[in-house]
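S.K.:
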Amino acid sequence: MSSSRVWHYCVGDQTYEKLETLDGRQQRIVRHNDAVHTLWPQSRLAVVERREALAAWSTTPQRVDPKALDQYELRPNGAARVAGREATVFVLEPRDALRYAQRLWADQATGLMLRADVIGPGTGQPVLESTAFSEIEVDVEPQPQAVLQTLRKLDDYRVVRPQQKRTTLEAEGWVLAKPVSGFHLAGCLNRGMETTGETDPVLQAVFSDGLTHVSVFLEPYRPQHHRREVQARQGATATVTRRHGEHWVTAVGDVPPATLQLFADAIERRR
1296 MSSSRVWHYC
1306 VGDQTYEKLE
1316 TLDGRQQRIV
1326 RHNDAVHTLW
1336 PQSRLAVVER
1346 REALAAWSTT
1356 PQRVDPKALD
1366 QYELRPNGAA
1376 RVAGREATVF
1386 VLEPRDALRY
1396 AQRLWADQAT
1406 GLMLRADVIG
1416 PGTGQPVLES
1426 TAFSEIEVDV
1436 EPQPQAVLQT
1446 LRKLDDYRVV
1456 RPQQKRTTLE
1466 AEGWVLAKPV
1476 SGFHLAGCLN
1486 RGMETTGETD
1496 PVLQAVFSDG
1506 LTHVSVFLEP
1516 YRPQHHRREV
1526 QARQGATATV
1536 TRRHGEHWVT
1546 AVGDVPPATL
1556 QLFADAIERR
1566 R
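Structure, rendered in structure tokens:
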């Protein structure tokens, strides 16, 4: 279990967010519109990226694409209190075994998602992962400077700006030969990995079913780094790695490992 403190303010067309971990390794994420700074105080490292290049880092999902209802059945599941607020509970049941069920608690006054559980299959439907607000204040006075002041204290930080370039699988010589049912390609980026010391870019393709996402990373195979293929799961998040000729494939997502295997099997090099 991990805890974070989150600030979110909107002032006109300006958006300010800050996320600060409260346990484990200290980390701060600060966003002003599309500019996102990830700060690691202990190592004095700041990584600056565009929001479009990042997976969502908010504490709970705040939007469900209507297209998700092609893959999930939505049904009401009563009401409950979360963080001292009245919430309506919904369950999204998958229509196949390629994804997990989710239970969502939506604030009755604002629609804000207060809690989200990822539910595993089988008897008892175990909760694989749960994300929730424990305390929340709504309609507070915006304090954008309180968010931005963190960025004024980076004089002794090493600031890294990874290269990011929008692209397509086809332009990079790849194709998903057999689509995975219900998932569509949401975006594709070439990402420079300056923080790891590697010079070769990593291609990231993000697939979505309207509710959850799968990221497929494609990079040159390096024997000293890619020692063995892996299939692992921690909570709801699974990881599958595989060698593909002179390349290394990594698939990650809050889906069953078998779903990631389908992505790893279907990705093909065309040049």
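First residue of the sequence shown: 1296, per the working numbering; consecutive thereafter.
For glycine and all other residues, C-beta sits at the position ideal for the given N, C-alpha and C.
These numbers come from a predicted model, not from an experiment.
1. Going by DSSP, which residues form a beta bridge with Gly1482?
2. Taking the beta strand (DSSP E) that Val1359 belongs to, which residues open and close that run?
3. Please determine if the segment 1327–1345 and the segment 1467–1480 are in contact, where contact requires at least 3 C-beta pairs separated by less than 8 Å.
4. For Glu1312, count neighbouring C-beta atoms within 10 Å of its own C-beta (all shown protein chains included) and say buried if the count is 16 or more, exposed if not.
5. In terms of residues, what are the limits of the alpha helix (DSSP H) holding Phe1385?
6. Return the first residue and the last residue of the alpha helix (DSSP H) that Thr1633 is part of.
7. DSSP on Val1454, reduced to helix/strand/coil?
8. Can you give me the C-alpha to C-alpha distance between Trp1302 and Glu1315, rounded to a whole angstrom?
9. Drop a sphere of 10 angstroms on the beta-carbon of Gly1548, count the other beta-carbons inside from all chains shown, and report buried for 16 or more, exposed for fewer.
10. Beta-carbon within less than 8 Å of Glu1430's beta-carbon, same chain only, minus the 5 sequence neighbours each way: which residues are those?
11. Determine whether the beta carbon atoms of Leu1393 and Thr1554 lie at a separation below 7 Å.
12. How about Ala1396 and Ile1414: are their beta carbons less than 7 Å apart?
13. Is the Cβ-Cβ distance between Leu1399 and Phe1385 less than 7 Å?
14. Specify the secondary structure class of Lys1433 as computed by DSSP and reduced to three states.
15. Closest to Glu1344 by CA distance: which of Val1454, Gly1307, Tyr1516 and Ala1531 is it?
16. Where does Thr1534 sit, in a helix, a strand or coil, going by DSSP?
17. Between which two residues does the alpha helix (DSSP H) harbouring Ala1396 extend?
18. Go ahead and label Ala1472 buried or exposed: buried means 16 or more other beta carbons lie within 10 angstroms of its beta carbon, across all protein chains shown.
19. For Arg1370, list the residues DSSP reports as bridge partners.
20. List the endpoints of the continuous alpha helix (DSSP H) containing Ala1546.
21. Quick check on Thr1462: does DSSP put it in helix, strand or coil?
22. Assuming Glu1388 and Gln1403 form a contact by the criterion Cβ under 8 Å, report the distance between their Cβ atoms to the nearest whole angstrom.
23. Report the three-state DSSP secondary structure of Glu1467 (helix, strand or coil).
24. In the DSSP assignment, find the unbroken beta strand (DSSP E) run with Asp1526 in it and report its ends.
25. Note down the Cα distance separating Thr1383 from Ala1401, rounded to an integer number of angstroms.
26. Give me the Cβ distance between Thr1462 and Asn1485, rounded to the nearest whole Å; I'm assuming they're in contact under 8 Å.
27. For Leu1314, name the three-state secondary structure that DSSP assigns.
M.R.: Put simply:
1. Bridge partners of Gly1482: Val1501.
2. The continuous stretches of beta strand (DSSP E) do not include Val1359, and DSSP gives it neither H nor E.
3. Too few Cβ pairs lie closer than 8 Å, so no.
4. Counting C-beta atoms within 10 angstroms of its own C-beta, Glu1312 has 16 or more neighbours from the protein chains shown and is therefore classed as buried.
5. The continuous stretches of alpha helix (DSSP H) do not include Phe1385, which lies in the beta strand (DSSP E) extending over residues Arg1380 to Pro1389.
6. Since the first residue shown for the chain is 1296 and the last is 1566, residue 1633 is missing from the structure and cannot be characterised.
7. Note: Val1454 maps to strand in three-state DSSP.
8. Between Trp1302 and Glu1315, the C-alpha separation is close to 9 Å.
9. So Gly1548 ends up on the buried side.
10. So the qualifying residues of the chain are Ala1378 and Gly1379.
11. Their beta carbons are under 7 Å apart, which means Leu1393 touches Thr1554 by this criterion.
12. Yes, the pair counts as a contact, with Cβ atoms nearer than the cut-off.
13. Cβ atoms of Leu1399 and Phe1385: closer than 7 Å.
14. With the sequence shown as reference, residue 1433 is identified as Val, and Lys is not the correct amino acid for it. Per DSSP, reduced to three states, the secondary structure at Val1433 is coil, with no helix or strand assignment.
15. When only C-alpha atoms are compared, the closest one is Val1454.
16. Strand.
17. In the DSSP assignment, Ala1396 falls outside any alpha helix (DSSP H) and lies within the beta strand (DSSP E) extending over Ala1396 to Asp1402.
18. Flag for Ala1472 reads exposed.
19. According to DSSP, which records beta bridges pairwise, Arg1370 is partnered with Val1386.
20. No alpha helix (DSSP H) contains Ala1546, which is instead part of the beta strand (DSSP E) from His1542 to Gly1548.
21. In this structure, Thr1462 counts as coil in the three-state DSSP scheme.
22. Actually they do not touch by this definition, with Cβ atoms about 22 Å apart.
23. The DSSP-derived three-state label of Glu1467 is helix.
24. Note that residue 1526 is Gln in the sequence shown, not Asp. It spans Gln1526 to Gln1529 - the beta strand (DSSP E) in which Gln1526 sits, taken as one unbroken run.
25. C-alpha separation (whole angstroms): 5 Å.
26. Asn1485 and Thr1462 do touch by the CB rule: their CB atoms are close to 5 Å apart, below 8 Å.
27. Correct three-state label for Leu1314: strand.
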